[in-house]
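Trainee: Before I ask anything, let me first share the structure, which is written out below as structure tokens.
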Amino acid sequence: MRDILDQIIKWWDAGESFGLATVVRTFSSAPREPGAALAVSTGGEVVGSVSGGCVEGAVYELSGEVTATGQPVLQRYGVSDDTAFSVGLTCGGIIDIFVEPVSRESYPELGEIAEAVRAGEPVAVATVIEGPGKIGARRVIWPAESEPDASEPDASEPVRGVAIATGTLGSGDRLDQAVDDDARGMLAQGLTGVRHYGADGERRMDELSVFVQSFAPPPRMLVFGAIDFAAAVARIGKFLGYRVTVCDARPVFATTARFPDADEVITDWPHRYLSGVTTDERTVICVLTHDPKFDVPVLEVALRAPAAYIGAMGSRRTHEDRLDRLREAGMSEPELARLRSPVGLDLGARTPEETAVAIAAELIQLRWGGSGQPLTSTAGRIHHA
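Spelled out as structure tokens, the structure:
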């Protein structure tokens, strides 16, 4: 829903009703991931996508029906379903799509959710999609970071950052609490998906299905070295959904004019800047200076910090020299094994733009477990779990 939020908030602000279709489950070679959304206004305008074109026509019609009746629907499209063939889902995948009517009255929390997403604040939305409960019941969960201070006069008021949840899933406090705990864990990992519960919150597969959509802040991409290759990497990183920071110690090179696609440009020694920021298991670190006086100190910090990817640019000779210097600095072999260098997949890239594509390809391959080989030379499923 993040991709279409700006448009649907305009409809919501204007008091319009619309149908919101969200991918909640996928199986096999489904074209879109859970959380992908499509919305249809009462005037017939469409934004977003749930299948890359395969079932959009059928979902369009269903969204109109749901808006008219006010009743949410969970619909499955798959290769074993005759209807799926008629709407074009012949890729072998199966997708479950939850379609719900949305208005200011039915979804009063949407405005606050949109504000949080725009501000980069984490929030999760849990919705009952199947089972004996109230289909469409919704609960909005904020992360638990601290507890309110009871000595404060306004401690009873909701405070952003304190453990807060609004709404109820309809089966009592135990279910709400169990979903809150799961949703906060999923939010911390940036996960979106379906969880199953009994009426009292016990984990069971045969009763209530709850879709938890995490709106986690975008993962960070830290690019060190204000060179032309960095500009291309920042551009493709932004395209992939990262919050991009470019850092270099040289103020003449580290300017916003040279890196218009970066969210921020920092003038500082790379190792000093990295030592002062928080990274996590989704953070991407690209060291592109291929200059030992910059590379070695920042990699010493990077290889001891949480990160999904740490890559360094340079020739194979530069790489070997860099490893020797890092060993002299006291880095262990397990720490050095985290380094992806030379950076990127072997695409034969030469230009900054081609190199950025090679780096992006490696990021995607590591995230989803692909082989990195041409699909024509592989067999089996295309979309990895």
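In this text, residue positions in the sequence shown follow this note's numbering: the first is 120, and each later residue adds one.
Positions of the beta carbon are idealized from the N, C-alpha and C atoms, including for glycine.
Taking 8 Å as the threshold (beta carbon to beta carbon), is D414 in contact with chain B?
Mentor: No chain B is present in this structure, which holds just one protein chain.
Trainee: Quick check on the burial criterion: 16 or more other C-beta atoms within 10 angstroms. Buried or exposed for R469?
Mentor: Walking along the sequence shown from the start, residue 469 turns up at place 350. R469 comes out exposed.
Trainee: Under three-state DSSP, which class holds I232?
Mentor: Residue numbering aside, residue 232 sits at position 113 when the sequence shown is read from its first letter. Helix.
Trainee: In its own chain, which residues sit with a C-beta less than 8 Å from the C-beta of P336, not counting the 5 before and 5 after it?
Mentor: In the sequence shown, counting from the first residue as 1, residue 336 sits at position 217. The answer, listed in chain order, is G239, E240, P241 and R362.
Trainee: Considering R505, what are the terminal residues of the alpha helix (DSSP H) in which it resides?
Mentor: Given a span of 120 to 504 for the chain in the structure shown, any question on residue 505 remains unanswerable.
Trainee: Any contact between the region 380–396 and the region 346–365? By contact I mean 3 or more CB pairs, one from each, below 8 Å.
Mentor: The answer is yes - the region 346–365 touches the region 380–396, with three or more Cβ pairs under 8 Å.
Trainee: Since I believe R151 is in contact with S168 (beta carbons under 8 Å), could you give me their beta-carbon distance rounded to a whole number of angstroms?
Mentor: Within the sequence shown, the letter at position 49 stands for residue 168. Within the sequence shown, the letter at position 32 stands for residue 151. Contact flag correct, Cβ pair sits at about 7 Å.
Trainee: In the DSSP output, which residue or residues are listed as bridge partners for G430?
Mentor: Within the sequence shown, numbered from 1, the residue matching residue 430 stands at position 311. DSSP output for G430 lists C405 and R459 as bridge partner(s).
Trainee: Less than 8 Å separating the beta-carbons of A475 and V352?
Mentor: Here residue 475 refers to the residue found at position 356 when the sequence shown is read from its first residue. Here residue 352 refers to the residue found at position 233 when the sequence shown is read from its first residue. Cβ distance < 8 Å, so A475 and V352 count as in contact.
Trainee: Which residues bound the beta strand (DSSP E) around Y226?
Mentor: Residue numbering aside, residue 226 sits at position 107 when the sequence shown is read from its first letter. Unbroken run through Y226: none, as it is neither H nor E.
Trainee: Short check: CB of F343 to CB of P389, under 8 Å?
Mentor: Your numbering for residue 343 matches position 224 in the sequence shown. Your numbering for residue 389 matches position 270 in the sequence shown. Their beta carbons are under 8 Å apart, which means F343 touches P389 by this criterion.
Trainee: Where does S496 sit, in a helix, a strand or coil, going by DSSP?
Mentor: In the sequence shown, the residue the question calls residue 496 occupies position 377. In the structure shown, S496 sits in a helix (DSSP, three-state: H, G or I).
Trainee: What does a CB cutoff of less than 8 Å around G289 pick up in its chain, not counting 5 residues either side in sequence?
Mentor: As a first step, residue 289 must be located in the sequence shown, where it is residue number 170. Contacts found: V247, G252, K253 and A256.
Trainee: Just the C-alpha distance for K357 and P227, rounded to the nearest angstrom, thanks.
Mentor: The residue you call residue 357 lines up with position 238 of the sequence shown. The residue you call residue 227 lines up with position 108 of the sequence shown. Using only the alpha carbons, I get a separation of about 31 Å.
Trainee: Residues in the same chain with beta-carbon distance under 8 Å from G309, minus the five sequence neighbours each way, listed in chain order, please.
Mentor: Position 190 of the sequence shown, counting from 1, holds the residue named residue 309. For G309, where only same-chain residues beyond five positions count, the Cβ hits under 8 Å are S333, A335, P338 and R401.
Trainee: Please return the same chain residues whose Cβ sits closer than 6 Å to the Cβ of T398, not counting the five positions on each side in sequence.
Mentor: Counting from one through the sequence shown, the residue named residue 398 turns up at place 279. So the list reads A424, P425 and A426, once near-sequence residues are dropped.
Trainee: Using C-beta distances below 7 Å, list every residue in its chain close to E271, excluding the 5 sequence neighbours before and after it, in chain order.
Mentor: Translated into the one-based positions of the sequence shown, residue 271 becomes position 152. With a pLDDT of only 47 at E271, under the threshold of 50, the placement of this residue in the model should not be trusted; the figure read from the coordinates follows. Around E271: no qualifying Cβ.
Trainee: Going by DSSP in three states, R354 sits in which element: helix, strand or coil?
Mentor: Stepping through the sequence shown from its first residue, residue 354 is reached at position 235. If DSSP states are grouped into helix, strand and coil, R354 belongs with the helices.
Trainee: Quick one: what does DSSP say Y179 is sitting in, helix, strand or coil?
Mentor: Locating residue 179 in the sequence shown gives position 60, where the first residue counts as 1. Helix at Y179.
Trainee: With distance defined between alpha-carbon atoms, name the residue in G489, Y179, A421 and G463 nearest to G395.
Mentor: Numbered from 1 along the sequence shown, position 276 holds the residue referred to as residue 395. If we check each option's Cα against that of G395, A421 comes out closest.
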